[in-house]
Structures are given as C-alpha cells and as structure tokens.
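Visitor: Protein chains in written order, with this note's numbering: chain U, 1 to 240; chain B, 241 to 456.
My questions will all concern the structure given below.
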C-alpha cells in the first residue's frame, strides 16, 4: 500500500505539490491526469525518493520513504518506474540492460538474471531483440524494454510517468498494450498520463490534479464520464 | 648527390632514443591517467569542495612544461633528492598529463545525461553501482578521443626532457647532427619516427572507437 499524506514539494521558491493526500491499495490501478505543471510527475519522483519532499509523508508498505534512516536503494527495488524518456543504457544490449540491476542489486547469478530478463522481454514482446543495442530500436521498443527492465526487479508497484508522451503517435499503442497487460495481471500501478481513454479503460480510480492538489478523485466513469468539478470538465474538454 | 655519412649505428642510437621517448610517454600517461581519473571524478562529484584542486591543476596546465622541468630538476638538486632525471621527467610529465586528463574525465562524466543516472538509481542501484556500470563506461566513450589526443601531445612533449639531460629521440638526433652535420636528413628521420609512433597509437585508438560506434 502506498500512503501519501499531505505532501508538499518545492523546487526553490516554487511549490509544485501543495499538500497531496492519496492512498493506493495493493492491486489497484490509479491514473493521475491534469495539465502540465499540476505536480503529477513530481509526485511520482517523490514516491520512490528520487526527489526529497518538504512536508508531509509518503509510506510504502509502512516504510517512511523520506525518513533519514530509510534504505532507498532497497525500497526502490520494489517500486519500478518508467519515465517519459525511456533512458536505455546505450552501451549495453537489450538483454544486458534488463539483466544489470537484477545482477548487481539483487545479486542474482548470471543464469538466473538472464532467465528473468528473457522472461520479461518476452512478456513485453521483445524476445527477438535480446542481442540488439537500444540505439537500433524504435522509441516504442525502447520504452517496452524500459518496462521489462523495471519488471525484472520483481517490483510490487509500477509507476509510469507519461510513458507514452515522447513517442510517435503510431508507437503509442504497443506501449499502452503492454501497460494494459500489466494492469490485467493485477500489478499495482500509478499512471501519470495524458491518454484519457486509456486511463478510463484500465484504472480503478482516476485523480485529476490541479495546482499541486488532488482536485477530484473517483472511479473513471465518475471523474472522466461525469466530472463534478467545472475545472475537471474543462480539462477533459481540452484534451479529448 | 645523395651520399650520406649516416651509419647504421647512428640510426640504432636514434631508435634507442625513440624507445626512451616511448617509455617516458607510457610512464607519464600511466601516472597522468590514474591521478587524472581520480581528480576528474572528484571534480565532477564535488565541484565546489574540489575547487582548490582545480586551482592547483590549473597551475600545472598553464606553466610551460619546459619551466616545470627545469624548476623541478633544480628543486631536486637543492633538496638533495637522489632520483634520476628520468624519474623527474616521468613525474613532471605525469602531473602535467594529470592536469589535462582530469578535465577530460570531468567533461566525460558530465556528458552522461542526468536522466540516465536517475533511471539507474530508480532500479535500486547505489551511487557507486551507477558510477561503475553506467556512468564510467559511457564517460569513457566520450572522453576517449580527448585522452588519445593527450597521449599524442605528451609523446611530443617528451622532447623537452632533453633539457634536463635525458637522451630521448630528439636529443639523440641532435648528437647525430653534431657528428655528421646533416641536420635536414637526420631531423627528417626523427620526424618520421615520431610520426610512425603517433600513427601506431592513433590506429589502436581508432580501432577501439570503431568497436564502440558499431553499437550506437
């Protein structure tokens, strides 16, 4: 369970997240939608401790993420994150990209790490690209590789930070299909996304962020199908 | 018209000088690369705290190498240190190379996108694992051409050690010139030997670079 409690996050003088509270239960898929600058991506970075917070607290399975004694390297093993920019390690093959963290962080043997990597790459449909370097892949393929790389750590949670925003339109579908597959398998996921229809399809709940706060939250049919707040309706009208 | 007094033993003498040049270059680059990587890592990781280090390295980068050789060599005599001129040559050239190398390493590390490091850390990798498995391999590719340039330039700078009495390629050539009085021929040959040595280093480097590029 991820418990976000009145979190405030600033960059210098600019406060981006202004007291967000949100609880995500095991097995739940929560989508976060909202305009740029509403603090949605920043919140994701705070959940696995890539960004410090100023006030409030975030607990993952009861562990306080931003407490001084927390072993973030250990915590991050169970929180996979996929970025907008896929961030493939260009000097490693697809297989090596996925094997690296299981080998070095989890301490798996070469055989075990490779078996895990092959399994996850097959899962995302890249079984035929094992020996290829990422530079030779399309953006969509690189993003699916990034998903496999995160999955190879056997995480309990997956965070997606606008995972399809940097992709050419014709490549979005393959990545969304992979994400849908994960959701159907029961992975606990938080998706920051601009794909409203996709969010409506896969989410258990949808949160609309505005000015660093949760403006409206509820079932997809409610928030997207029948928004209660005028700002939510305006936002949806502008993107749909 | 094309008669010359250059003998085979003169040529051999020059080749021995060339061997000293190669040894000096190798020793200087070993010292320079090891300490340069260390200093460069420090400069990239703690830009502010390592500022004094940058100032010191700047001195070694800025003062002409010849002055450094002569000063160091005199210092050695004044302090009564019992080390050979060759050791002084290696040391001074090594520090000089380290000063340049640290900048090459620093810029290489800074060329690795912050997002990539973030991705590595998000997988649970520690600072050192990120450095060892992601940052350094990538920084090496960026820094390598600059480092190769440094090797070639240090190889030519070794010629300056003749001023502290070491018989490397240029010094041996000059003594041959003094004996047979054919400066043009002898210097052409010396230049050719320098060229061939550089070519060898550059070829090795190119081969490595090509192997990396195939993956990108």
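All C-beta atoms, glycine included, are put in the ideal place defined by N, C-alpha and C.
Enumerated in chain order, which unbroken segments of the beta strand (DSSP E) with a length of 3 residues or greater are wholly contained in the stretch 45-122 of chain U?
Guide: With a minimum length of 3 residues, the continuous beta strand (DSSP E) runs that stay inside the stretch 45-122 of chain U are 55-60 and 79-82.
Visitor: Using a Cβ cut-off of 8 Å, pull out every chain U residue sitting near residue 371 of chain B, in sequence order please.
Guide: Near residue 371 of chain B there are no residues of chain U at all, since even the closest Cβ is about 12 Å away, more than 8 Å.
Visitor: List the endpoints of the continuous beta strand (DSSP E) containing residue 207 of chain U.
Guide: Residues 205-210.
Visitor: Let's see if you can read the secondary structure: which residues bound the alpha helix (DSSP H) around residue 335 of chain B?
Guide: From DSSP, the alpha helix (DSSP H) with residue 335 of chain B extends over 325-350.
Visitor: Would you call the stretch 408-426 of chain B in contact with the stretch 359-373 of chain B, where contact means no fewer than 3 C-beta pairs closer than 8 Å?
Guide: Segments in contact, no.
Visitor: Tell me which residues of the stretch 94-109 of chain U have at least one Cβ-Cβ distance to chain B shorter than 7 Å, keeping chain order.
Guide: So the list reads 100, 101, 104 and 105, given in the order they occur along the chain.
Visitor: Got a sec, what are the start and stop residues for the alpha helix (DSSP H) residue 418 of chain B sits in?
Guide: Counting along the chain, the alpha helix (DSSP H) containing residue 418 of chain B begins and ends at 409-420.
Visitor: Could you give the DSSP three-state label for residue 404 of chain B: helix, strand or coil?
Guide: Residue 404 of chain B falls in the helix class under three-state DSSP.
Visitor: Can you find the residues in the same chain that come closer than 6 Å, C-beta to C-beta, to residue 83 of chain U, ignoring five residues on each side of it along the sequence?
Guide: Counting only Cβ-Cβ distances below 6 Å, and skipping sequence neighbours, we find 161.
Visitor: Since residue 81 of chain U meets chain B, which of its residues come closer than 7 Å, beta carbon to beta carbon?
Guide: Result: 362.
Visitor: Output the distance between the C-alpha atoms of residue 85 of chain U and residue 175 of chain U, rounded to the nearest integer angstrom.
Guide: Using only the alpha carbons, I get a separation of about 13 Å.
Visitor: Spatial neighbours of residue 461 of chain B within its chain, please: CB distance less than 6 Å, with the 5 preceding and 5 following residues excluded, ordered by chain position.
Guide: Nothing in the structure corresponds to residue 461 of chain B, since chain B is present only between 241 and 456.
Visitor: What distance in whole Å lies between the Cβ atoms of residue 392 of chain B and residue 442 of chain B, which are believed to be in contact at a cut-off of 8 Å?
Guide: Right, the Cβ-Cβ distance comes to about 7 Å (below 8 Å), so this counts as a contact.
Visitor: Would you call residue 299 of chain B buried or exposed, if buried means 16 or more other Cβ atoms sit within 10 Å of its Cβ?
Guide: When all chains shown are included, residue 299 of chain B counts as exposed.
Visitor: At a Cβ threshold of 9 Å, is residue 251 of chain B touching chain U?
Guide: Answer no: the Cβ-Cβ gap between residue 251 of chain B and chain U never drops below 9 Å.
Visitor: Is it the case that the stretch 190-203 of chain U contacts the stretch 216-236 of chain U, given that we only count it when at least three CB pairs across the two stretches are under 8 Å?
Guide: Yes, they touch.
Visitor: Nearest to residue 216 of chain U by alpha carbon, out of U:38, U:11, U:2 and U:149?
Guide: With distances taken between Cα atoms, residue 216 of chain U lies closest to U:38.
Visitor: Using the Cα positions of residue 89 of chain U and residue 72 of chain U, report the straight-line distance between them to the nearest angstrom.
Guide: Each residue's alpha carbon lies about 21 Å from the other.
Visitor: Is residue 279 of chain B near residue 342 of chain B, with beta carbons less than 9 Å apart?
Guide: Yes.
Visitor: To the nearest angstrom, report how far apart residue 396 of chain B and residue 11 of chain U are at their CA atoms.
Guide: Their Cα atoms are separated by approximately 50 Å.
Visitor: Using a Cβ-Cβ distance under 9 Å, would residue 50 of chain U count as near chain B?
Guide: Residue 50 of chain U counts as touching chain B.
Visitor: From what residue to what residue does the beta strand (DSSP E) around residue 160 of chain U run?
Guide: First-last of the beta strand (DSSP E) with residue 160 of chain U: 157-161.
Visitor: Please list the residues of the stretch 345-359 of chain B that have a C-beta atom closer than 7 Å to any C-beta atom in chain U, keeping them in chain order.
Guide: Correct list: 355, 356, 358 and 359.
Visitor: Indicate whether the contact test is met: 3 or more Cβ pairs, each with one atom in the stretch 26-41 of chain U and one in the stretch 349-356 of chain B, closer than 8 Å.
Guide: Taking 8 Å as the limit for Cβ pairs, the verdict is that the stretch 349-356 of chain B does not touch the stretch 26-41 of chain U.
Visitor: With a cut-off of 8 Å on the beta carbons, I'd call residue 203 of chain U and residue 24 of chain U a contact; round off their distance for me.
Guide: With 8 Å as the limit, residue 203 of chain U and residue 24 of chain U do not qualify as a contact, their Cβ atoms being about 11 Å apart.
Visitor: Taking a Cβ distance cut-off of 8 Å, strictly less, list which residues of the stretch 377-391 of chain B are near chain U, in chain order.
Guide: Residues passing the 8 Å Cβ filter: 377, 378 and 381.
Visitor: What in chain B is Cβ-close to residue 89 of chain U, meaning under 9 Å?
Guide: Ordered by position in chain B, the residues that pass the 9 Å Cβ test against residue 89 of chain U are 356, 359, 360, 373, 374, 377 and 378.
Visitor: Please tell me whether residue 217 of chain B has its Cβ less than 9 Å away from any Cβ of chain U.
Guide: What is shown of chain B runs 241 to 456, which leaves residue 217 of chain B out entirely.
Visitor: Please state whether DSSP places residue 445 of chain B in a helix, a strand or coil.
Guide: Correct three-state label for residue 445 of chain B: helix.
Visitor: CB-CB under 8 Å to residue 304 of chain B, same chain, minus the five flanking residues each way: which ones, in chain order?
Guide: Nothing meets the Cβ criterion.
Visitor: In chain D, which residues lie less than 8 Å from residue 76 of chain U when you measure between Cβ atoms?
Guide: No chain D is present in this structure, whose protein chains are U and B.
Visitor: Cα separation between residue 111 of chain U and residue 153 of chain U?
Guide: Between residue 111 of chain U and residue 153 of chain U, the C-alpha separation is close to 15 Å.
Visitor: Residues of the stretch 139-160 of chain U in Cβ contact with chain B at a cutoff of 8 Å, in chain order, please.
Guide: Under the 8 Å Cβ criterion, the stretch 139-160 of chain U contributes 146, 149, 150 and 153.
Visitor: Helix, strand or coil for residue 168 of chain U? Go by DSSP, reduced to three states.
Guide: Of the three classes helix, strand and coil, the one that applies to residue 168 of chain U here is coil, per DSSP.
Visitor: What separation, rounded to the nearest whole angstrom, lies between the Cα atoms of residue 137 of chain U and residue 96 of chain U?
Guide: Their backbone Cα atoms lie some 15 Å apart in a straight line.
Visitor: Does any heavy atom of the ligand ZN sit closer than 8 Å to the C-beta of residue 445 of chain B?
Guide: With respect to small molecules bound, the structure shown includes none, and the ligand ZN cannot be examined in it.
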